[in-house]
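Using the working numbering, read the sequence shown as starting at 116 and increasing by one per residue. Structure record follows, encoded as structure tokens.
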Amino acid sequence: MEQVAQAPQQRGRSRGFILGSLSLGHGASHLYDMGFPVFMEVIAKSLGLSYFQVATLFSIRQVGGGLVSLGGGALVDTLKSQWGLILTGCMAGSAVAYAFVGASTNFPLLILAVILVSIPGALWHLPAAAALSQRFPDRRGFAIAMHGFGSNIGNVLGPLMAGALLTILFWRHVLFIYAVPSLMLAGLVWWSLKDVGKEGDQEESVRFSEQLRIGLRLLRNPVVLGLILSATLRGIGLNALFHWTPFYLSDTDTGLGMSYFRAGFHYSLLAGMGIVSAPVLGLLSDKYGRKAVLVPGLASAAVFSFLVVSTGDSILLAVVLAGMGLGTFALHQIIQAAVLDVVGRGTEATAVGLIFGINGLIGAASPFLATLIINHAGGLSSIFYYSGILTAISALVMIFIPLRPMNQPAVPG
116 MEQVAQAPQQ
126 RGRSRGFILG
136 SLSLGHGASH
146 LYDMGFPVFM
156 EVIAKSLGLS
166 YFQVATLFSI
176 RQVGGGLVSL
186 GGGALVDTLK
196 SQWGLILTGC
206 MAGSAVAYAF
216 VGASTNFPLL
226 ILAVILVSIP
236 GALWHLPAAA
246 ALSQRFPDRR
256 GFAIAMHGFG
266 SNIGNVLGPL
276 MAGALLTILF
286 WRHVLFIYAV
296 PSLMLAGLVW
306 WSLKDVGKEG
316 DQEESVRFSE
326 QLRIGLRLLR
336 NPVVLGLILS
346 ATLRGIGLNA
356 LFHWTPFYLS
366 DTDTGLGMSY
376 FRAGFHYSLL
386 AGMGIVSAPV
396 LGLLSDKYGR
406 KAVLVPGLAS
416 AAVFSFLVVS
426 TGDSILLAVV
436 LAGMGLGTFA
446 LHQIIQAAVL
456 DVVGRGTEAT
466 AVGLIFGING
476 LIGAASPFLA
486 TLIINHAGGL
496 SSIFYYSGIL
506 TAISALVMIF
516 IPLRPMNQPA
526 VPG
């Protein structure tokens, strides 16, 4: 389906500037998103929430993100000229959502706040991935990975900032403070990205209903379906890690009893080591093929997950978490690039929406399953075995997906 052999000539801002701006915005989005699990451990104690209630909030967040991705992908592809406005709205929406979390005084209000929190981050990926796929058909893996590089900066700073601020301020006050830079960044995003989707030759507009039908046809492509299955298995395991690792690190009963700052530091290793690996893996996948990076990457991530508990609260824990972090988001970004290799121009957001949407909806049951595992199969530490098993299965699935070599043209899906 992809008919573009070279990077298209674009009017307006250079593609390097667009990549940098999108990566910066992605980093800011993840700074908030990856700080959220750290806040949840404190919020749960403050409001007296049970693990089941915490799991409910995590599940709602996943369902909300999944629904936004599934429906939003097709919609974003039909609203190409509005991509800049959508990206700006994502940044401003984060400010409103996290201020609402800070204002929540009980569980029902938290549910409403978490619904709002689920929207901006999920929506950001859709026009961003579509714009980069169209601008970098010659270096797609690198561009998607660099966009992920921005998110990994946020993944490192988010837990660290949350942990540091929670040592000196009440959690509500921290969340109110978070709203201010987000609003300022919304203005920067508008200035730098307002013309995204408007440059170059405009393709014929496709109706929303037709984009939905295209999405359904994509699911009949065995390569796309296999990649989504692998990404979903990997995503469910990752979500369990992201949700419960802060609890494991901080809990004094069944966890390691770390301070908030130490927990934030270790969590940042898990969430943000893609700063080192994402650009490298992206370049390698462009040169040697996506599978050559994905299979060993997923396998090693599974091994590291199995090793976490045995390290205890030692220096080796930081090493193992850092090893896991090298592939945490970077591998998912390579899967995105593999899907975008297959789909055609004008359907990129729809395809990315399928990855995140199916992941979110199927993964909505994962927080409850993880809670059952915690309560009945070994406590918080058992989550690392659960995630490792799912990641290992994801690697096995990836082995059998017939991905094309990078020097061959894409085949219609």
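Idealized CB from N, CA, C, for every residue including glycine.
Candidates Gly179, Ile477, Gln168 and Asp192: closest to Ser345 by CA position: Ile477
Through-space distance from Thr465 to Leu182, alpha-carbon basis: 13 Å
Touching by the beta-carbon criterion (3+ pairs, under 8 Å), the stretch 375-388 and the stretch 433-442: yes
Residues near Val191 in its chain [Cβ-Cβ closer than 6 Å; skip 5 each side]: Leu241, Pro242 and Ala464
Within 9 Å, strictly: CB atoms of Gly352 and Leu505: yes
Validate contact between the stretch 394-412 and the stretch 510-517 using beta carbons, cut 8 Å, 3 pairs: yes
Contacting residues, own chain, Cβ-Cβ under 7 Å from Ser420 (five flanking each side not counted): Met439, Phe499, Ser502, Gly503 and Thr506
Reduced DSSP category for Gly493 - H, G, I as helix; E, B as strand; rest coil: coil
Pro252, DSSP secondary structure in three states: coil
Nearest-angstrom Cβ-Cβ length linking Ala212 and Pro235, presumed shorter than 8 Å: 6 Å
Status (buried if at least 16 other CB within 10 Å, exposed otherwise) for Ser161: exposed
Coarse secondary structure for Lys406, derived from DSSP in three states: helix
Cα-Cα separation between Ala279 and Gly379, rounded to whole angstroms: Rounded to whole angstroms, Ala279 to Gly379 spans 8 Å at the Cα level.
N-terminal and C-terminal residue of the alpha helix (DSSP H) that Thr203 is part of: Element bounds for Thr203: Trp198 to Ala218.
Alpha helix (DSSP H) segment containing Lys160, residue limits: Arg130 to Leu162
Check whether Trp239 and Ser144 have beta carbons under 9 Å apart: Yes; because the gap between Cβ atoms is below 9 Å, this pair is in contact.
Candidates Pro394, Trp359 and Phe251: closest to Ser266 by CA position: Pro394
Beta-carbon proximity check, Gly269 vs Met149, cutoff 9 Å: yes
Any non-hydrogen atom of the ligand GTP closer than 8 Å to Leu518 Cβ: Summarising the ligand content, the structure contains no ligands, and the ligand GTP is consequently not present.
Continuous alpha helix (DSSP H) stretch holding Leu518: start and end: No alpha helix (DSSP H) holds Leu518; DSSP gives it neither H nor E.
Inter-residue Cα distance where the pair is Val229 and Thr369: In a straight line, the C-alpha of Val229 is about 26 Å away from that of Thr369.
Integer Cβ distance of Ala258 from Leu134, believed to fall under 8 Å: 6 Å
For Lys402, the nearest candidate out of Ser365, Ala452, His358 and Ser497 (CA to CA): If we check each option's Cα against that of Lys402, Ala452 comes out closest.
Short Cβ contact (9 Å threshold) for Phe376 with Leu275: The beta carbons of Phe376 and Leu275 sit closer together than 9 Å.
Close Cβ partners of Val295 (< 8 Å) along its chain, the five nearest in sequence each way excluded: Ala210
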